Structures are given as structure tokens and as C-alpha cells.
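S.K.: Okay, here's the structure, questions in a sec.
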Amino acid sequence: MQATKKTHVRYLILFMLFLVTTINYADRATIAIAGSSLQKDLGIDAVTLGYIFSAFGWAYVAGQIPGGWLLDRFGSKNVYAFSIFTWSLFTLLQGFVGGLPVAWAVVTLFTLRFLVGFAEAPSFPGNARIVAAWFPTQERGTASAIFNSAQYFATALFAPIMGWIVFSFGWEHVFVVMGVLGIIFSMVWLKTIYNPRQHPRISQSELEHIEQNGGLVDMDQKRGNAGPKWGYIKQLLTSRMLLGVYLGQYCINAITYFFLTWFPVYLVQERGMTILKAGFIASLPAVCGFIGGVLGGVISDWLLRRGNSLTFSRKLPIVCGLLLSTTMVFCNYVDAEWMVVGFMTLAFFGKGIGALGWAVVADTSPKQIAGLSGGLFNTFGNIASITTPIVIGYIISATGSFKWALVYVGANALVAVFSYLVIVGPIKRIELRDDAPKPQAEPAANGELASSRH
1 MQATKKTHVR YLILFMLFLV TTINYADRAT IAIAGSSLQK DLGIDAVTLG
51 YIFSAFGWAY VAGQIPGGWL LDRFGSKNVY AFSIFTWSLF TLLQGFVGGL
101 PVAWAVVTLF TLRFLVGFAE APSFPGNARI VAAWFPTQER GTASAIFNSA
151 QYFATALFAP IMGWIVFSFG WEHVFVVMGV LGIIFSMVWL KTIYNPRQHP
201 RISQSELEHI EQNGGLVDMD QKRGNAGPKW GYIKQLLTSR MLLGVYLGQY
251 CINAITYFFL TWFPVYLVQE RGMTILKAGF IASLPAVCGF IGGVLGGVIS
301 DWLLRRGNSL TFSRKLPIVC GLLLSTTMVF CNYVDAEWMV VGFMTLAFFG
351 KGIGALGWAV VADTSPKQIA GLSGGLFNTF GNIASITTPI VIGYIISATG
401 SFKWALVYVG ANALVAVFSY LVIVGPIKRI ELRDDAPKPQ AEPAANGELA
451 SSRH
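The sequence shown maps to residues 1 to 454 in the UniProt record's numbering.
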């Protein structure tokens, strides 16, 4: 630790979270970019492709609570590094299924996508834990929005590259390239990430700034051999506020997984674009989603610093952003490509502004179960990664078009708005009860008690 020099190491940590989340979502999107060519080569229908798309989600959901428990038990750095390495390895192996007989190729691809999902399960709870440890309360909205916005940056950066790889070399090579990239990054992660007190480059003044303003700098300190108690889950599930947040996150992720799975296929099959063009077009909404994602966090923290309640500061961007995302339905009534791209771009921009759920987790989770709390939140939210690809596959199979699929996705945005306006109610910190140790109180923000924070 540096004694006198002023540092901003937490921004390096945030940059690493941004990079790892970019790789995370790029690996999720590989199957979408390869989907149209893969479907043609393997001779599978839309329903089968929908199930392959959903394979990631089944395991990702199943792994959330165990992944969160592992983070709380063993700390963020090592669990996350192992997660990065294993999901990248399984991504790499998907590049070799093309040489198998069709039936075996489908089963193997489903299995590997399933394993990728299970390996990625600790990633977002890990992000939330690291943000809670490294950032003061009034910086968490922006920090959470920045790492969350990497999902859009991943599409913006990698969709054109992956589209070009598929067009030039074949769909298998997308998985090989992304797998190798992730394996290399897992080594970089181990050399860069530390807990705040253990980081060799942090100054005493930065550590004090983080700790005195709500950062949970001792989150990963040793607390015996036992992990967090499973009884804590029941306490979280009895909160009407959190149940509303979980429902909202499910609906927000329905929008996310439409863009991650069926959107490139929509551009190719419904709008007649080549896979190369679809890769570039898919990046445009993602760029605006990235801008919206960062802007949502900045606006939320700005509202908080202006003296507004945490409830108002978080809910306003969420509600306005999700209402804007319903504009994708207008694509059903236009033919011009530029208008389709425009409405999808507007929808993704709105979804980015409204995606503040991880700021909720970083702010409200007691430090004893920050990983477990984030895992539970992500479990509910990512049920959409299972249902959305399958439901859309059946809609397309039944109707022969994407029109009702877009209505389905837009309706999810409206349900999320209802959830935040009606179910969630006032936002306040969840405190552990009975035998659970009380979390340390955090400083008040602008006159608002820490216990009322979002």
C-alpha cells in the first residue's frame, strides 16, 4: 500500500470488470452470430435452435446460488478467475462440434452451452461484490452501470468481428477465437484483482475514502471455515420489494436475451440481410445500449447527489428507459431497413438506461451474503435466458414470422415498469434477522439514512 501518493485504483478495478463482462457477453453472443449458419449446416428447425440458445440459461440459473455461495466462502478473486478459465475452455470446445454426426453435434453443442452457462454463473454476483467492496455508495450506480453496459459494448465490438469470421472462415472459428481470448484474460485477472486492503498500488487516502463512504472493504476477510447460512435465502424471499425487483429483472433480461439470441437471426431471416451485414447492423443498437447503460447510472447517481431519495433516483431511469424500449414493436409496421435499425436502436438505448438492477444489489446486500444475494437476484432474472429463446422459437414456428415475437418482448418491458411502480414500493436496505449478524451501518447520503438506500 502506498502511504502518501493519491491513487484511483478502484477505476482500474472497474476497467477490469468492464473487460471481463465484455468477454462474458461476447461468449454468450457467439451462438447468436453463428446461429443462422449453424442452423443451415446442421439442418435444424427454429424450435431446436431455440432450445440450443436456451442451454446456457438452464445452467446459468441453476448455478447462481451455488456460485454466490462460493464467492462468499472463498472470495471474489479466485472463484471469478476459475470461472473465466472454465467458461472460455467450454467455448473453445464448441468450435469442434461441426465434425460430429448431426445428432451428436446437436447434443454436444447443447451440453457445452450448458457448461458455459454453469461456469459463468458467479460472474455478475462477483461483479456486484467487487463494486460493493471498492466503491463508495454515491459512486456505485455509475460503477454498476459501467460494468453492466459492457454487454452492449460486447455486441458493438464483437458482432461485426464475429460476423466477418463466420462469413470468411465458418461458424466454428468464432468459438475458437473467443475461447482462446478468455483463457488468456483469466491469467491477466489473477495478476490484477485484489481486495482493497491487499492491493499493492492503493494509497491509504483512497482506502479511507472508500471505507468512510460506504465501501465494504473487509468483505472478503476470513470469517472461519463456514460459508454463509442457507437460511438467509428465506429472509430475502420474504421481501416484497426484492420480489418486485426480481420480476423486473426477469422482464429486462427477456429484452437482453432477444438481442443476444434471436436478433441476428431476425435480421437475416425476416429482413433478408447477409450474415456479414447482420453482424454490423447488430452492433448499432448495441452502441446505443452501451451509451444508455452508462447514462442511466450517471443520471441515477446525479439525482442522488442532488438530494433525491434513493427510491426516486433509481426508479426514474428504470421506468423511463423501459418505456422507451417498447418502441421495438414499431418494427412490425415499417419496411425500410433504416427504420427497423432506428427503432431497435432506440429500444436498446432505453433498455440500457433502465438496467440498474445491479446497483440495487450492490447497495442493499449485507456484506455477509453479498454473493448469495446477487446470485438469488440473478437466478430470477436469468430464468428469462431459458424462456425467451424457447418462447420465441415456438412463436416463429407457429406464425412463420417474428411479429408476435417482438410484441412478446415489448410486453415484458411493460411488465417490468408495472413491477417497479406497483410492487417494489419504497426501496430500503434488507437487514438480516435472528441469528444473522447485523451488517455494519453505512454513512448517510445527502441526509438520507443508509438503511433507506436502494
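For each residue, glycine too, the CB sits at the ideal point set by N, CA and C.
Values in this document were obtained by computation on a predicted structure and should not be read as measured data.
With DSSP as the reference, label S401 as helix, strand or coil.
M.R.: coil
S.K.: Going by the beta-carbon positions, is the gap between T364 and I430 smaller than 8 Å?
M.R.: yes
S.K.: Quick one: measure Cβ to Cβ for Y60 and A121, integer angstroms, because I've assumed they're closer than 8 Å.
M.R.: 6 Å
S.K.: For T399, count neighbouring Cβ atoms within 10 angstroms of its own Cβ and tell me buried if that reaches 16, exposed if not.
M.R.: exposed
S.K.: For the pair the region 128 to 143 and the region 22 to 38, tell me if three or more CB-CB distances fall below 8 Å.
M.R.: no
S.K.: CB I353 to CB L295, shorter than 8 Å?
M.R.: When the beta-carbon positions are compared, I353 and L295 come within less than 8 Å of each other.
S.K.: Can you tell me which of I291, R271, P264 and G293 puts its alpha carbon nearest to the alpha carbon of F280?
M.R.: P264
S.K.: Do T86 and T30 have their CB atoms nearer than 8 Å?
M.R.: no
S.K.: Is DSSP giving residue 455 helix, strand or coil here?
M.R.: The structure shown does not extend to residue 455, since the chain is modelled only from 1 to 454, so the question has no answer here.
S.K.: Since S168 is in the alpha helix (DSSP H), which residue starts that stretch and which ends it?
M.R.: R140 to F169
S.K.: S203 by DSSP, collapsed to three states: which one?
M.R.: strand
S.K.: Measuring CB atoms only, is the region 193 to 207 touching the region 46 to 62, in the sense that at least three cross pairs come out at less than 8 Å?
M.R.: no
S.K.: Cβ of I396 within 8 Å of Cβ of Y408?
M.R.: no
S.K.: How about A384 and G293: are their beta carbons less than 8 Å apart?
M.R.: no
S.K.: Consult DSSP for K6 and reduce its assignment to one of helix, strand or coil.
M.R.: coil
S.K.: Would you identify the three-state DSSP class for T311, choosing helix, strand or coil?
M.R.: helix
S.K.: Give the range of the alpha helix (DSSP H) segment to which Q235 is assigned.
M.R.: Y232 to L237
S.K.: For Y333, is the classification buried or exposed, using 16 other Cβ atoms within 10 angstroms of its Cβ as the cut-off for buried?
M.R.: exposed
S.K.: Please report the residue range of the alpha helix (DSSP H) in which G50 lies.
M.R.: Looking at the DSSP string, the run of the alpha helix (DSSP H) that includes G50 is A46 to A62.
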